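Worksheet for the structure shown next.
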Amino acid sequence: MVRWQFVSRLIAGPIALPFVEGTSLFAMRGMTGATGNWYCGLHEVREMAFVLHLLRAKDHFLDVGANVGSYTVLAGGAVGARVTAVEPIPETF
């Protein structure tokens, strides 16, 4: 946690944060959707565990309102499902 606070002040651009199953989330200071996963492992543990349990590699995951892409990376990277992600608000991503 201290490392993120320190590094996010030194680097202006996105920083790769390790996520699950060898994946990464790219985050900048203030992106709580991504940094929450860095602090907690799975920021929304019940919902994310449900995705990991239910989704299979042959499935197609549609992530509407993808925000920083936590569920996108979880579904595509950790599970291996095909993913379509849409985030209509550019400032969010």
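For what it's worth, our numbering labels the leading residue of the sequence shown as 19, then goes sequentially.
From the three backbone atoms N, C-alpha and C, an ideal C-beta is built for every residue, glycine too.
A quick note: this is a predicted structure, and the numbers were derived from the prediction, not measured.
Would you say residue 100 and residue 78 are within 8 Å of each other, going by their C-beta atoms?
One-based indexing of the sequence shown puts residue 100 at position 82. One-based indexing of the sequence shown puts residue 78 at position 60. The answer is yes: Cβ separation under 8 Å.
Need the endpoints of the beta strand (DSSP E) that residue 53 sits in, please.
Locating residue 53 in the sequence shown gives position 35, counting from the first residue. That residue, residue 53, is in no beta strand (DSSP E); its alpha helix (DSSP H) goes 50–58.
Is it buried or exposed, residue 92, if we count other Cβ atoms within 10 angstroms and call 16 or more buried?
As a working note, residue 92 is residue 74 in the sequence shown. Classification of residue 92: buried, given that the 10 Å Cβ count is 16 or more.
Closest residue to residue 37 among 107, 96, 106 and 103 (Cα-Cα distance)
In the sequence shown, counting from the first residue as 1, residue 37 sits at position 19. Answer by Cα proximity: 96.
What does a CB cutoff of less than 6 Å around residue 82 pick up in its chain, not counting 5 residues either side in sequence?
Mapped onto the sequence shown, residue 82 falls at position 64. Around residue 82: 104.
Rounded to whole angstroms, what is the Cα-Cα separation between residue 59 and residue 35?
Along the sequence shown, one-based indexing puts residue 59 at 41. Along the sequence shown, one-based indexing puts residue 35 at 17. Near 11 Å, if we compare the C-alpha coordinates of residue 35 and residue 59.
Which whole-angstrom value is the C-beta distance of residue 88 and residue 48, which I expect to be below 8 Å?
On the sequence shown, residue 88 is found 70 positions in, with the first residue counted as 1. On the sequence shown, residue 48 is found 30 positions in, with the first residue counted as 1. About 15 Å separates the Cβ atoms of residue 88 and residue 48, ruling out a contact at the 8 Å cut-off.
Whose C-alpha, out of 94, 109 and 102, is nearest the C-alpha of residue 41?
As a first step, residue 41 is located in the sequence shown; it is residue number 23 there, counting from the start. Ranked by how close their Cα comes to the Cα of residue 41, the residues 94, 109 and 102 have 94 in first place.
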